[in-house]
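With positions in the sequence shown counted from 1, the corresponding number in our numbering is that position plus 4.
Glycine included, each C-beta is placed from N, C-alpha and C at the ideal position.
Quick notes on the structure that follows.
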Amino acid sequence: MSRFVALVLVLLASRVAAASTHDAAEAGFVKRVVDAINTPETARAAALLHPTSLVCPSEYEAAMSFFDPRLGAKGPVPPTFTWRMEEAPAGPPMFSDRVGYPVRPSHLLHITYEARPNASTTLIVQTVRDAGRWYVTAFCPKPGTRAQIDAARAAAPRVAAAQAQRVQTLITGMPPALEQQVLDLVKQGQKIAAIRHYEREAGVDLTTAKDVVDRLIEPGR
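See the structure below:
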């Protein structure tokens, strides 16, 4: 049976407040997403996907599962989680250089919970609202994407130190104005926007931009 993909980007972030009121349909959808994270089953995951998301070239259908350990959630999500839904930023969706989207995400669902004292984990799920119903959007890996992920995992131990040094160098050389812009966006609960803003301004890849922002807001830095 084909396995389908939903893009869940895991970010370490400071706790963000959930909206005080939520639409009932949104709340029900979020519950189903959390249930799928906590009980990863192909049928449960596929039921959340937009019908158009189920259409990928056959050679890519089995590339990754709904919550693949390589990209997926760091569950389980506890009952104390908070969440908010926001419109997806303008421009190409995340990781468009490596994956294609049969249906473009319209919103980003942020699910935040306490991962450890003084640190939260925020799962960002790309979603779409269509005909009054909420869905998770999936992506179709482009040729070579799975191999790139496997190669990156194998190389991770030896590149981690080099990446950490690069991040520190970028932070040390960051113009004060850009640092303040990034921090202001994070304080406003717009961490994704902060990452994308730094990515554009610094001319770095998305992964490096995320690492820089994470390091920049790290407690006790």
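For Glu90, the enclosing beta strand (DSSP E) stretches over residues Thr86 to Glu91. Taking C-beta separations shorter than 7 Å and ignoring five residues to either side along the sequence, the partners of Arg36 in its chain run Leu52, following chain order. In the same chain as Ala197, and ignoring 5 residues on each side of it, the C-beta atoms closer than 8 Å to its own belong to Pro93 and Leu189, in chain order. Sixteen is the threshold: when 16 or more other Cβ atoms of the shown chains lie within 10 Å of the Cβ of Pro109, as they do, the residue is buried. For the set Pro55, Arg48, Gln184 and Val163, the Cα lying nearest the Cα of Asp134 is the one of Pro55. Within the model, the alpha-carbon separation for Thr125 versus Cys60 is close to 30 Å.
When C-alpha distances from Gln130 are compared across Pro106, Gly207 and Pro147, the shortest belongs to Pro106. Spanning the alpha carbons of Ala142 and Ala165 requires a straight line of approximately 32 Å. Pairing Cys144 with Val103, the inter-Cα distance amounts to about 5 Å. Taking all protein chains in view, the Cβ of Val163 is surrounded by fewer than 16 other Cβ atoms within 10 Å, so the residue is classified as exposed.
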